[in-house]
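> Position 246 (the sequence shown) corresponds to 684 in this note's numbering; numbering is contiguous.
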Amino acid sequence: MKRGLIFFFVALLVFSSTTFISGAKPDNTPKEEVIYGILDSAGDLQSITVVNGFVLEKDATIADYGDYANLQNLSSDSQIQQSGNFITFAGKTGRINYQGDLQNRQLPWKVTIKYYLNGQPVSPAELAGKSGKLKLTVKTTRNSVEKGPFFDDFALQIAVPLNMDLCKNIVTTGATVADNGSIRQYSYVVLPGENGFFSVNADVTDFEMDPITMAGVRMTFDLPLDVDQINQSIDRLVSAAEKLDNGA
Numbered sequence: 439m440k441r442g443l444i445f446f447f448v449a450l451l452v453f454s455s456t457t458f459i460s461g462a463k464p465d466n467t468p469k470e471e472v473i474y475g476i477l478d479s480a481g482d483l484q485s486i487t488v489v490n491g492f493v494l495e496k497d498a499t500i501a502d503y504g505d506y507a508n509l510q511n512l513s514s515d516s517q518i519q520q521s522g523n524f525i526t527f528a529g530k531t532g533r534i535n536y537q538g539d540l541q542n543r544q545l546p547w548k549v550t551i552k553y554y555l556n557g558q559p560v561s562p563a564e565l566a567g568k569s570g571k572l573k574l575t576v577k578t579t580r581n582s583v584e585k586g587p588f589f590d591d592f593a594l595q596i597a598v599p600l601n602m603d604l605c606k607n608i609v610t611t612g613a614t615v616a617d618n619g620s621i622r623q624y625s626y627v628v629l630p631g632e633n634g635f636f637s638v639n640a641d642v643t644d645f646e647m648d649p650i651t652m653a654g655v656r657m658t659f660d661l662p663l664d665v666d667q668i669n670q671s672i673d674r675l676v677s678a679a680e681k682l683d684n685g686a
């Protein structure tokens, strides 16, 4: 979203699980989940959509579970049947995807985003199109409402894209920087179980920006800790998050 309103997008890559597939006889097949959360300009959660993916070796009826609304079959015109949290639909051989809006859940992180122009707090609506000295801060903490293991098991990669034609004299710390044309992306990593905070300062003209993206990816380390291994894992995390950002 450009001038007038700035939205933020979160994608959480979730572990593979299993789902029950019924065909000639009961069987199990791996299920992949990608959870997309839409945040408002202050970091408050607006909605969560889950995309579930399967690879079928033969035609089968998929039986799955989820507290979903607005179910959509993304792979065929087969109708999805829903009874409470129980979901079934016919699947053809190959890749199958369906999505639904998750109800009554929270993301593992609480996100707080604040903006200042010339030292004064401003709302995104007030900030859009303005010029001056910008300070943007992003804070992530544990969401105590969400009891799952994600906060402790997943690293959070945060990417802030800034248009270099509109932003000058950018100052920040702890970021990996990548250029894509006139867009310079600043990427920050928050390790599992940790709170995160960073700020970006810049001189801006007619300010606008693309969405900030956040990607949660599972990170595990063998003990004893190996610094090179940690660095390699972080590099893979940044690379995967950039691919996710491009795909989204």
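We put the beta carbon where it would ideally sit given N, CA and C, even for glycine. Remember, predicted model here, so these are calculated numbers, not experimental data.
To the nearest angstrom, how far is the alpha carbon of residue 522 from that of residue 471?
The alpha-carbon atoms of residue 522 and residue 471 are separated by roughly 20 Å.
> Using a Cβ-Cβ cut-off of 6 Å (strictly less than) and excluding sequence neighbours within five positions of residue 516, which residues of its own chain qualify?
If we look at residue 516 and ignore the five residues flanking it on each side, its Cβ neighbours are 527, 528.
> So residue 562 is in the alpha helix (DSSP H); what residue range does that whole segment cover?
It spans 562-565 - the alpha helix (DSSP H) in which residue 562 sits, taken as one unbroken run.
> State the start and end residues of the unbroken alpha helix (DSSP H) segment that holds residue 645.
Note, residue 645: premise wrong, no alpha helix (DSSP H); not H, not E.
> In the DSSP assignment, the beta strand (DSSP E) including residue 539 goes from what residue to what residue?
Residue 539 -> beta strand (DSSP E) spans 532-540.
> Would you grab the beta carbon distance between residue 653 and residue 629 for me? Rounded to a whole angstrom, and I think it's under 8 Å.
Between residue 629 and residue 653 the Cβ distance is about 14 Å, and since that is not below 8 Å, they are no contact.
> What did DSSP end up calling residue 685 once you bin it into helix, strand or coil?
DSSP places residue 685 in helix when its eight states are reduced to three.
> In chain order, what residues of the same chain lie with their CB nearer than 6 Å to the CB of residue 574, ignoring the 5 residues before and after it?
Cβ neighbours of residue 574 beyond the five flanking positions: 553, 638.
> Determine the DSSP secondary structure at residue 544, reduced to helix, strand or coil.
Three-state result, residue 544: coil.
> Note the first and the last residue of the continuous alpha helix (DSSP H) segment covering residue 591.
Start and end: 588-591.
> Among 556, 539, 593, 627, which one has its Cα closest to the Cα of residue 507?
Of 556, 539, 593, 627, the residue nearest in Cα terms is 539.
> When you compare the CB positions of residue 597 and residue 620, do they come within less than 7 Å of one another, or not?
Cβ distance not < 7 Å, so residue 597 and residue 620 don't count as in contact.
> Does the Cβ of residue 480 have 16 or more other Cβ atoms within 10 Å, making it buried, or fewer, making it exposed?
Residue 480 comes out exposed.
> In three-state DSSP terms, what is residue 613?
If DSSP states are grouped into helix, strand and coil, residue 613 belongs with coil.
> Where does residue 680 fall in DSSP's three states?
Looking at residue 680 - three-state DSSP - the assignment turns out to be helix.
> In three-state DSSP terms, what is residue 556?
It is coil, neither helix nor strand.
> Between residue 578 and residue 549, is the Cβ-Cβ spacing less than 7 Å?
Yes; because the gap between Cβ atoms is below 7 Å, this pair is in contact.
> Whose CA, out of 679, 606, 656, lies closest to the CA of residue 587?
Checked all of 679, 606, 656; the closest Cα to residue 587 is 656.
> Roughly how many angstroms lie between the CA atoms of residue 492 and residue 636, to the nearest whole one?
Cα-Cα distance, rounded: 38 Å.
> If you draw a straight line from the alpha carbon of residue 547 to that of residue 613, how long is it in whole angstroms?
Each residue's alpha carbon lies about 20 Å from the other.
> Cα separation between residue 503 and residue 566?
Residue 503 and residue 566: Cα-Cα distance of roughly 42 Å.
> Beta carbon of residue 496, beta carbon of residue 531: below 7 Å?
Going by C-beta atoms, residue 496 is nearer than 7 Å to residue 531.
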